[in-house]
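Chemist:
Number of protein chains: 2
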Amino acid sequence: MILTVTLNTALDLTYRVPALTPHATHRVTQVIERPGGKGLNVARVLAALGHETVVTGFAGGATGAMLRDLLAATPVRDELVETAGPTRRTVAVVDTATGDTTQLNEPGPAVTADEWAGLRARFTELLDGARAVALCGSLPPGIHVGAYAELVRLARAAAVPVLLDTSGEPLRRGIAARPDLVKPNADELAQLTGSREPHRATRDARRRGAHAVVSSLGPEGLLAATPEGLWRAAPPSAVKGNPTGAGDSAVAGLLSGLVDEAPWPERLTRAVALSAATVLSPVAGEYDPSAYEELLPRVKVTAEPEAA
Amino acid sequence: MILTVTLNTALDLTYRVPALTPHATHRVTQVIERPGGKGLNVARVLAALGHETVVTGFAGGATGAMLRDLLAATPVRDELVETAGPTRRTVAVVDTATGDTTQLNEPGPAVTADEWAGLRARFTELLDGARAVALCGSLPPGIHVGAYAELVRLARAAAVPVLLDTSGEPLRRGIAARPDLVKPNADELAQLTGSREPHRATRDARRRGAHAVVSSLGPEGLLAATPEGLWRAAPPSAVKGNPTGAGDSAVAGLLSGLVDEAPWPERLTRAVALSAATVLSPVAGEYDPSAYEELLPRVKVTAEPEAA
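Chains A and B are the protein sequences, given in the same order.
Here full-length UniProt numbering is used: the first residue of the first sequence is 1, the next is one more, and so on.
Here full-length UniProt numbering is used: the first residue of the second sequence is 1, the next is one more, and so on.
Here's what the structure looks like:
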């Protein structure tokens with residue numbers, strides 16, 4: 001099975017309104033509730049691809065119970081650890097006419113030292129049987145900044161390939177613990193390396209400890225620096241739509257290729273096709289399976305020169 | 001006891017953000033959860049004034065359970081009727097710097113005919129022992145537009161004084177069933193009567209069937225057309241703050257005065273003082289008890305000429 005970790009899960013609410021106007025009153029025309037947090041999004045895509053998938057992380061309170069009820073309706077196995085504090089909500093307010101989205105994110109619950117110890121123990125148990133693990137998203141209050149580095153070391157000790165998808169100081173610390181793969185976007189990469197030049201920044205990120213770095217460059221696709229070479233992978237043409245969840249779908253594609261022992265170009269193809277099929281989906285954060293199948297043979301992967 | 005009815009209850013969330021910017025991502029700095037809907041707000045104020053208070057209406061789903069948990073922590077007695085559909089949320093996004101508020105209201109659950117029959121039965125039981133009843137707020141989907149008129153007639157048949165605080169067609173139908181009191185605001189009054197001239201509109205509303213009409217005119221206070229005469233009641237000076245819940249506090253003041261058999265000027269004084277103390281409160285929708293005590297002797301009530 002594939003294990004994903006989401007320390008800062010969320011009950012994701014999507015509200016449709018004709019158009020958001022500050023300081024006005026809005027009737028919400030549609031409400032969608034989803035179990036959220038990056039690792040949960042990755043897990044849903046993996047399950048839809050046919051992989052046995054398990055999620056851990058934290059959930060608590062009435063909102064945590066709602067999240068777990070929603071998760072129970074999916075094929076993803078719930079191994080979340082209970083917190084005393086309630087799971088946060090996020091609200092995405094989508095303007096119906098344009099699709100523009102305004103995001104409101106509640107802070108997460110303060111996680112206690114005992115709850116963190118419980119998560120570490122659960123994670124260690126779950127590593128036994130995991131073929132790959134993904135550590136995803138931000139840290140909730142109360143969790144020390146080196147938490148992901150700790151989990152990377154536990155995964156490496158258990159010889160389970162580990163992907164890290166986070167930002168800021170947790171990424172900086174985590175990458176130094178030598179994960180198998182990191183997947184920064186352009187902003188995260190710039191924050192980590194100080195460079196906005198994709199080749200330089202991606203190679204720099206790799207020198208900081210990751211065995212491979214796959215940078216997501218938005219509509220331009222992915223740039224991968226791996227022990228087997230440097231590749232660029234891009235959709236056949238620019239796709240227009242809602243980019244919510246496109247990065248999480250790319251992570252799912254990379255993990256799927258990893259556990260299937262596919263060569264790098266094939267892993268990148270899956271990641272780009274899933275990512276584009278998510279942008280094209282009418283439902284934010286979901287991928288369109290027929291668009292995915294249609295895109296797969298059309299993703300362009302090119303080897304890039306290794307020059308510094 | 002005093003009974004309040006809220007057919008479209010809500011789990012009210014208040015989010016503080018530095019400033020709401022459309023199509024940007026916001027970190028919410030503070031989250032407040034409250035049991036909401038007009039009748040629940042009225043009941044909380046009545047309970048704080050020392051009145052025995054009971055609420056009925058509908059609640060359902062996980063959000064309904066959260067609302068009832070929050071209500072259980074107050075002195076208000078919960079006689080809500082369960083619905084299969086989940087209780088709606090409302091989100092008030094408050095800009096920290098200015099206090100300006102952007103409101104997002106989910107639609108309510110579709111109430112079934114059986115659930116409505118259950119509410120009517122519960123309401124009839126509760127009328128036995130009620131000294132006054134208030135019917136408050138909008139109708140959820142599935143409830144017929146004459147629902148409040150039906151409840152007004154049940155209350156009158158039980159000889160329990162009934163206050164109606166709603167808008168649009170439910171107000172038009174409800175007022176024709178001859179409630180003891182309606183409390184429209186300026187917009188509701190204009191919608192009902194076609195007039196924005198307060199005296200004319202208030203008297204017109206009374207001719208439509210209500211025994212008394214108390215119109216809330218925002219910072220200018222209240223205008224009351226009653227069988228005992230016409231009064232205007234205003235705070236000693238304009239109050240600045242958040243008007244959320246000011247109308248509900250005015251309803252609580254009117255009910256409080258009614259069950260205490262206070263003369264009209266005293267009822268209006270309580271309503272204006274509570275309303276102003278709600279605007280002045282640092283917490284949206286709550287009233288400031290010391291401001292209330294301080295305002296009570298300073299509210300100006302003046303008899304107005306009855307001329308047409």
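The beta-carbon is built from N, C-alpha and C at its ideal position, and this holds for glycine as well.
Owing to the predicted nature of the structure, the values given are computational and were not obtained by experimental measurement.
Let me confirm a value: B:S290 is counted as buried when at least 16 other C-beta atoms fall within 10 Å, else exposed. Which label applies?
Modeler: Under this definition B:S290 is an exposed residue.
Chemist: Would you check if the distance between the CB atom of A:V214 and the CB atom of A:L189 is smaller than 8 Å?
Modeler: Not in contact: A:V214 and A:L189 (Cβ atoms no closer than 8 Å).
Chemist: So A:N8 contacts chain B; which residues on that side make the cut at Cβ distance below 7 Å?
Modeler: Going along chain B, no residue has its Cβ under 7 Å from A:N8, so there is no contact; the nearest lies around 12 Å.
Chemist: Smallest Cα separation from B:A91: which of B:L181, B:H211, B:V17 and B:P198?
Modeler: Reading the sequence as shown, one finds Val at residue 91 of chain B and not Ala. Per the Cα distances, B:V17.
Chemist: Can you tell which of A:T112, A:V93 and A:G99 has the C-alpha that lies nearest to the C-alpha of A:N105?
Modeler: A:V93
Chemist: Once the 5 residues before and after A:D165 are set aside, which same chain residues still bring their CB inside 6 Å of it?
Modeler: C136, K183 and V251
Chemist: Name the one or two DSSP bridge partners that B:R34 has.
Modeler: B:D12
Chemist: Taking any Cβ of chain B, which residues in the region 92-105 of chain A have a Cβ under 7 Å from it, in chain order?
Modeler: V93, D100, T101, T102, Q103, L104 and N105
Chemist: May I ask you to list the residues that DSSP assigns as paired with A:V5?
Modeler: According to DSSP, which records beta bridges pairwise, A:V5 is partnered with A:T56 and A:L135.
Chemist: Can you have a look at B:T25 and say buried or exposed, based on whether 16 or more other CB atoms are within 10 angstroms of its CB?
Modeler: exposed
Chemist: In this structure, how does DSSP classify A:E150 when only helix, strand and coil are distinguished?
Modeler: helix
Chemist: Is there a C-beta anywhere in chain A that falls below 8 Å from the one on B:V28?
Modeler: At least one chain A Cβ lies under 8 Å of B:V28.
Chemist: With DSSP collapsed to three states, give me the class of B:L40.
Modeler: Of the three classes helix, strand and coil, the one that applies to B:L40 here is helix, per DSSP.
Chemist: Do A:E82 and the ligand SAH come close, with the Cβ less than 7 Å from some heavy atom?
Modeler: The model depicted lacks the ligand SAH and carries no ligand whatsoever.
Chemist: Under three-state DSSP, which class holds A:S281?
Modeler: coil
Chemist: Just the C-alpha distance for A:H211 and A:A233, rounded to the nearest angstrom, thanks.
Modeler: 19 Å
Chemist: Does chain B have any CB closer than 8 Å to the CB of A:L20?
Modeler: At least one chain B Cβ lies under 8 Å of A:L20.
Chemist: Span of the beta strand (DSSP E) holding B:R232?
Modeler: G229 to A234
Chemist: Does the separation of the CB atoms of B:A121 and B:V5 fall below 8 Å?
Modeler: no
Chemist: Less than 8 Å between the beta carbons of A:L67 and A:T9, yes or no?
Modeler: yes
Chemist: Helix, strand or coil, according to DSSP, for B:R208 in the structure here?
Modeler: The answer is coil: DSSP assigns B:R208 none of H, G, I, E or B.
Chemist: Could I get the ranges of all uninterrupted alpha helix (DSSP H) runs contained in the region 95-136 of chain B, with 4 residues as the minimum, in chain order?
Modeler: Restricted to the region 95-136 of chain B, the alpha helix (DSSP H) segments that are unbroken, complete and at least 4 residues in length are 113-127, listed in chain order.
Chemist: If contacts are defined as beta-carbon pairs under 8 Å, then A:R34 and A:D12 qualify, I think. What distance do you get, rounded to the angstrom?
Modeler: Rounded, the Cβ-Cβ distance is 4 Å, consistent with contact.
Chemist: State the start and end residues of the unbroken beta strand (DSSP E) segment that holds A:T193.
Modeler: Where A:T193 is concerned, there is no enclosing beta strand (DSSP E), although the alpha helix (DSSP H) it sits in stretches over A186 to T193.
Chemist: Measuring only the C-alpha atoms, how far is A:W264 from A:P243?
Modeler: 24 Å
Chemist: Report the three-state DSSP secondary structure of B:D77 (helix, strand or coil).
Modeler: Note on residue identity: the sequence assigns Arg, not Asp, to residue 77 of chain B. Here B:R77 sits in strand by DSSP.
Chemist: From B:T193, B:A158, B:R200 and B:G146, pick the residue whose C-alpha is nearest to that of B:A177; which is it?
Modeler: B:G146
Chemist: Using the beta-carbon of each residue, which ones in chain B are nearer than 7 Å to A:I297?
Modeler: Checking the displayed sequence, the identity of residue 297 of chain A turns out to be Pro instead of Ile. Within chain B, no residue comes near A:P297; the closest Cβ sits about 35 Å away, beyond 7 Å.
Chemist: On the three-state DSSP scale, how would you describe A:T90?
Modeler: It is a strand residue.
Chemist: Using a Cβ-Cβ cutoff of 8 Å, what residues of the region 158-172 of chain B are near chain A? List them in chain order.
Modeler: If the cut-off is 8 Å between Cβ atoms, the region 158-172 of chain B has nothing near chain A.
Chemist: At which residues does the alpha helix (DSSP H) containing B:T63 begin and terminate?
Modeler: Element bounds for B:T63: G61 to A72.
Chemist: Taking the beta strand (DSSP E) that B:R172 falls in, what are its first and last residues?
Modeler: Run containing B:R172: none in the beta strand (DSSP E); it sits in the alpha helix (DSSP H), G168 to A176.
Chemist: Taking the Cβ atom as the reference point for each residue, do A:V279 and A:G229 lie within a distance shorter than 8 Å?
Modeler: no
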